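Colleague: This structure is in structure tokens; I'll ask about it shortly.
Number of protein chains: 2
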Amino acid sequence: MQERITSQQWQPGDLLPSEQALSEEFGCTRATVNRAMRELSDAGLVERRRKAGTRVVQPSSHPATITIAIIRQEIENKGQTYKYLLLERLEALPPEDVRVQLGLEQNEKALFLKSLHYGDGIPQQLDVRWINLSALPQAADESFADIGPNEWLLQRVPHPNIEHVFRAEKATAEEQRLLQLQECEPVFVIERRTWILGQGITYVRLVHPGSRFQMATRSSAEPIFN
Amino acid sequence: MQERITSQQWQPGDLLPSEQALSEEFGCTRATVNRAMRELSDAGLVERRRKAGTRVVQPSSHPATITIAIIRQEIENKGQTYKYLLLERLEALPPEDVRVQLGLEQNEKALFLKSLHYGDGIPQQLDVRWINLSALPQAADESFADIGPNEWLLQRVPHPNIEHVFRAEKATAEEQRLLQLQECEPVFVIERRTWILGQGITYVRLVHPGSRFQMATRSSAEPIFN
DNA sequence: TAGTGGTCTAGACCACGGT
DNA sequence: CCGTGGTCTAGACCACTAG
Numbered sequence: 001m002q003e004r005i006t007s008q009q010w011q012p013g014d015l016l017p018s019e020q021a022l023s024e025e026f027g028c029t030r031a032t033v034n035r036a037m038r039e040l041s042d043a044g045l046v047e048r049r050r051k052a053g054t055r056v057v058q059p060s061s062h063p064a065t066i067t068i069a070i071i072r073q074e075i076e077n078k079g080q081t082y083k084y085l086l087l088e089r090l091e092a093l094p095p096e097d098v099r100v101q102l103g104l105e106q107n108e109k110a111l112f113l114k115s116l117h118y119g120d121g122i123p124q125q126l127d128v129r130w131i132n133l134s135a136l137p138q139a140a141d142e143s144f145a146d147i148g149p150n151e152w153l154l155q156r157v158p159h160p161n162i163e164h165v166f167r168a169e170k171a172t173a174e175e176q177r178l179l180q181l182q183e184c185e186p187v188f189v190i191e192r193r194t195w196i197l198g199q200g201i202t203y204v205r206l207v208h209p210g211s212r213f214q215m216a217t218r219s220s221a222e223p224i225f226n
Numbered sequence: 001m002q003e004r005i006t007s008q009q010w011q012p013g014d015l016l017p018s019e020q021a022l023s024e025e026f027g028c029t030r031a032t033v034n035r036a037m038r039e040l041s042d043a044g045l046v047e048r049r050r051k052a053g054t055r056v057v058q059p060s061s062h063p064a065t066i067t068i069a070i071i072r073q074e075i076e077n078k079g080q081t082y083k084y085l086l087l088e089r090l091e092a093l094p095p096e097d098v099r100v101q102l103g104l105e106q107n108e109k110a111l112f113l114k115s116l117h118y119g120d121g122i123p124q125q126l127d128v129r130w131i132n133l134s135a136l137p138q139a140a141d142e143s144f145a146d147i148g149p150n151e152w153l154l155q156r157v158p159h160p161n162i163e164h165v166f167r168a169e170k171a172t173a174e175e176q177r178l179l180q181l182q183e184c185e186p187v188f189v190i191e192r193r194t195w196i197l198g199q200g201i202t203y204v205r206l207v208h209p210g211s212r213f214q215m216a217t218r219s220s221a222e223p224i225f226n
């Protein structure tokens with residue numbers, strides 16, 4: 001069925017035969033056709049609606065899946081030696097936008113952390129972060145001197161909900177200094193918000209030197225074949 | 001089952017009961033358990049191996065799904081008026097790396113296109129592209145004066161395989177001029193390679209002003225709930 | 001209201017890969 | 001070896017919704 005779509009035998013907008021009809025054509029049961037169609041639907045090749053049937057999607061976007069590894073892994077995978085350095089740790093009132101994103105009360109303090117991650121002695125990531133202490137009171141007792149907040153959180157809140165924003169920005173003066181950047185060198189910024197059951201966990205800004213970082217992707221449509 | 005994982009009742013590394021056991025516990029058939037487990041597996045919460053069983057993943061990365069809309073949609077969604085301008089169109093020998101990625105012969109020419117996309121008269125995207133003419137001979141007859149190459153391709157090759165790379169870069173002099181950038185303003189670059197059945201289709205570099213562009217994401221783990 | 005997809009049961013065979 | 005997940009059959013009921 002995927003072949004028929006990519007070969008344009010079934011074109012965008014076309015209505016596919018019903019599961020019933022396809023199960024007869026391919027000589028299998030409807031459950032098998034349903035399973036295949038659901039995979040095509042997950043991959044974004046078709047859209048399904050009860051009674052209306054299944055149609056080939058008119059593609060107007062490229063869906064893609066990325067994997068953001070924790071920085072230590074990424075550095076060690078490159079064969080570099082990893083070093084972690086805590087720069088700042090304090091409990092304070094977060095700025096308004098962070099306060100709202102974490103779902104904190106008006107005068108509720110949160111944990112602020114600033115840390116640097118090196119590969120072969122060269123700064124690779126600046127981690128600037130707020131952690132919700134009502135959600136994670138244990139964080140108040142952790143020094144974060146020896147473990148990065150990202151790893152620490154992943155161990156304690158294994159599968160949170162996540163939202164990311166990616167941006168290319170001009171480095172601030174502080175970022176330029178901490179990341180040892182040259183004049184005019186851009187930074188690749190990942191902003192991440194995690195929460196679980198509606199409760200904000202952390203808000204973090206991951207700043208990477210533009211010249212030492214990139215992110216890659218693989219189509220979600222591909223793995224279906226073969 | 002997802003609740004048991006997020007609540008740490010089943011912790012990272014833990015072996016889950018077999019499908020057989022779970023089907024008895026939940027009072028359903030193994031097929032139903034299998035379907036649920038497959039969704040958890042797709043979402044990256046568990047890993048499954050025959051004979052070895054199913055384990056909660058030790059999370060060491062954040063998977064995420066992004067959608068890269070075609071630029072015209074993105075601009076129109078913001079309520080801006082879209083304008084397209086073709087800057088350059090010629091058939092030429094591509095540089096070596098592009099030649100290899102498209103799978104072209106040594107002295108095979110390809111179609112080179114350079115175009116700009118405006119929102120409310122302000123440049124939002126520079127599209128610099130090579131198209132494989134053996135894969136798409138029809139492209140030689142298209143002027144691309146009135147339609148962007150991205151849209152044109154999506155209409156003709158609806159569901160190709162895709163690879164992306166994202167980067168923050170310093171704008172070249174030409175990019176700075178074409179995108180009307182200020183001194184030192186970074187660009188967000190998306191490099192895209194598409195192919196179908198092993199045949200390269202296009203290689204494109206989408207250059208966005210860092211100050212007017214961002215990319216967002218939503219966790220793939222979330223939609224399971226509710 | 002009729003036809004579509006969504007989902008489930010009950011049962012079966014098999015490939016893989018730890019032990 | 002043999003327990004695990006992967007996949008399929010055959011049949012059923014139901015929710016949704018376009019016509």
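Line by line, the protein sequences are chains A and B. Using the UniProt record's numbering, count along the first sequence one by one with no gaps and you end on 226. Using the UniProt record's numbering, count along the second sequence one by one with no gaps and you end on 226. All C-beta atoms, glycine included, are put in the ideal place defined by N, C-alpha and C. Being a predicted model, the structure only gives us computed values, none of them experimental.
1. Which class does PRO123 (chain B) belong to by DSSP, given the choice of helix, strand or coil?
2. Threshold first: 3 residues or longer. Then list the beta strand (DSSP E) segments lying entirely within the segment 21–66 of chain A, N to C.
3. Using the beta-carbon count (16 or more within 10 Å), is SER115 (chain A) buried or exposed?
4. By Cβ distance, which residues of its chain are closer than 8 Å to ASP14 (chain B), with the 5 residues on each side in sequence left out?
5. Work out the CA separation of MET1 (chain A) and THR29 (chain A) for me, nearest whole Å.
6. Would the beta-carbon of PRO160 (chain B) fall within 8 Å of that of ILE190 (chain B)?
7. For PRO158 (chain B), name the three-state secondary structure that DSSP assigns.
8. Drop a sphere of 10 angstroms on the beta-carbon of PHE26 (chain A), count the other beta-carbons inside from all chains shown, and report buried for 16 or more, exposed for fewer.
9. Give the interface partners of GLY79 (chain A) over in chain B, defined as CB-CB distance under 9 Å, in chain order.
10. Please go through the same chain and pick out, in chain order, the residues whose beta-carbon is closer than 6 Å to the beta-carbon of GLY119 (chain B), but skip the five residues on each side of it.
11. Once the 5 residues before and after LEU87 (chain B) are set aside, which same chain residues still bring their CB inside 8 Å of it?
12. For ILE224 (chain B) and VAL100 (chain B), what's the separation of their Cα atoms in angstroms?
13. Looking at the strands, I want to know which residues DSSP matches up with VAL204 (chain A).
14. Applying the criterion that 16 or more other CB atoms from any shown protein chain within 10 Å of the CB defines a buried residue, is THR172 (chain B) buried or exposed?
15. What residues are listed by DSSP as bridge partners for SER115 (chain A)?
16. Return the bridge partner residues of GLN199 (chain A) from the DSSP annotation.
17. Between the alpha carbons of ILE68 (chain A) and GLN214 (chain A), how many angstroms are there, rounded?
18. Where DSSP assigns a beta bridge to LEU15 (chain B), which residues make up the other side?
19. For VAL187 (chain A), count neighbouring Cβ atoms within 10 angstroms of its own Cβ and tell me buried if that reaches 16, exposed if not.
20. Is it the case that the Cβ atoms of GLY200 (chain B) and GLY103 (chain B) are separated by a distance below 8 Å?
21. In chain B, which residues lie with their C-beta within 8 Å of the C-beta of ASN73 (chain A)?
22. Let me know the secondary structure DSSP gives GLU163 (chain A) once reduced to three states.
Modeller: Per the coordinate set shown:
1. Reading the second sequence from its first residue, position 123 is the one you call residue 123 (chain B). Under the three-state reduction of DSSP, PRO123 (chain B) is assigned to strand.
2. Here the runs fully enclosed are 46–49 and 53–56.
3. Taking the first residue of the first sequence as 1, we reach residue 115 (chain A) at position 115. Under this definition SER115 (chain A) is a buried residue.
4. By 1-based counting over the second sequence, the position of residue 14 (chain B) is 14. Within the same chain, Cβ atoms closer than 8 Å to the Cβ of ASP14 (chain B) are found at ARG55 and VAL56, the five residues on either side in sequence being excluded.
5. Position 29 of the first sequence, counting from 1, holds the residue named residue 29 (chain A). Position 1 of the first sequence, counting from 1, holds the residue named residue 1 (chain A). Taken atom to atom, the span from the alpha-carbon of THR29 (chain A) to that of MET1 (chain A) is near 15 Å.
6. Here residue 160 (chain B) corresponds to residue number 160 of the second sequence, with the count starting at 1. Here residue 190 (chain B) corresponds to residue number 190 of the second sequence, with the count starting at 1. Between PRO160 (chain B) and ILE190 (chain B), the C-beta spacing is not below 8 Å.
7. Numbered from 1 along the second sequence, position 158 holds the residue referred to as residue 158 (chain B). Reduced to three states, the DSSP call for PRO158 (chain B) is coil.
8. Here residue 26 (chain A) refers to the residue found at position 26 of the first sequence. Classification of PHE26 (chain A): exposed, given that the 10 Å Cβ count is below 16.
9. One-based indexing of the first sequence puts residue 79 (chain A) at position 79. What GLY79 (chain A) touches in chain B: nothing, since even the nearest Cβ is about 18 Å away.
10. Locating residue 119 (chain B) in the second sequence gives position 119, where the first residue counts as 1. Cβ neighbours of GLY119 (chain B) beyond the five flanking positions: ILE75 and GLN80.
11. Counted from its first residue, the second sequence places residue 87 (chain B) at position 87. Excluding sequence neighbours, LEU87 (chain B) sits near LYS114, SER115, LEU116 and LEU178.
12. Indexing the second sequence from 1 puts residue 224 (chain B) at position 224. Indexing the second sequence from 1 puts residue 100 (chain B) at position 100. Residue placement at ILE224 (chain B) cannot be trusted, given a pLDDT of 40 that sits under 50; the coordinates are not used to answer.
13. As a working mapping, residue 204 (chain A) is identified with position 204 in the first sequence. VAL204 (chain A) is bridged to A:ARG129 and A:ARG192.
14. On the second sequence, residue 172 (chain B) is found 172 positions in, with the first residue counted as 1. Its Cβ having fewer than 16 others within 10 Å, THR172 (chain B) is exposed.
15. Position 115 of the first sequence, counted from the first residue, corresponds to residue 115 (chain A). Beta-bridge pairing links SER115 (chain A) to A:LEU86 and A:ASP127.
16. Against the first sequence, residue 199 (chain A) aligns to sequence position 199. Note: GLN199 (chain A) sits in a beta bridge opposite A:ILE196.
17. Within the first sequence, residue 68 (chain A) is the residue found at index 68, counting from 1. Within the first sequence, residue 214 (chain A) is the residue found at index 214, counting from 1. Cα to Cα, the separation comes out at about 11 Å.
18. Walking along the second sequence from the start, residue 15 (chain B) turns up at place 15. Listed as beta-bridge partners of LEU15 (chain B) by DSSP are B:ARG55.
19. Counting from 1 along the first sequence, the entry for residue 187 (chain A) is found at position 187. Looking at its Cβ environment, which holds 16 or more other Cβ atoms inside 10 Å, VAL187 (chain A) is buried.
20. The count along the second sequence starts at 1 and reaches residue 200 (chain B) at position 200. The count along the second sequence starts at 1 and reaches residue 103 (chain B) at position 103. Contact flag set, yes.
21. Translated into the one-based positions of the first sequence, residue 73 (chain A) becomes position 73. Note that residue 73 (chain A) is Gln in the sequence shown here, rather than Asn. Think of a sphere of 8 Å around the beta carbon of GLN73 (chain A): the chain B residues whose beta carbon falls inside it are SER60 and SER61, in chain order.
22. In the first sequence, counting from the first residue as 1, residue 163 (chain A) sits at position 163. Looking at GLU163 (chain A) - three-state DSSP - the assignment turns out to be strand.
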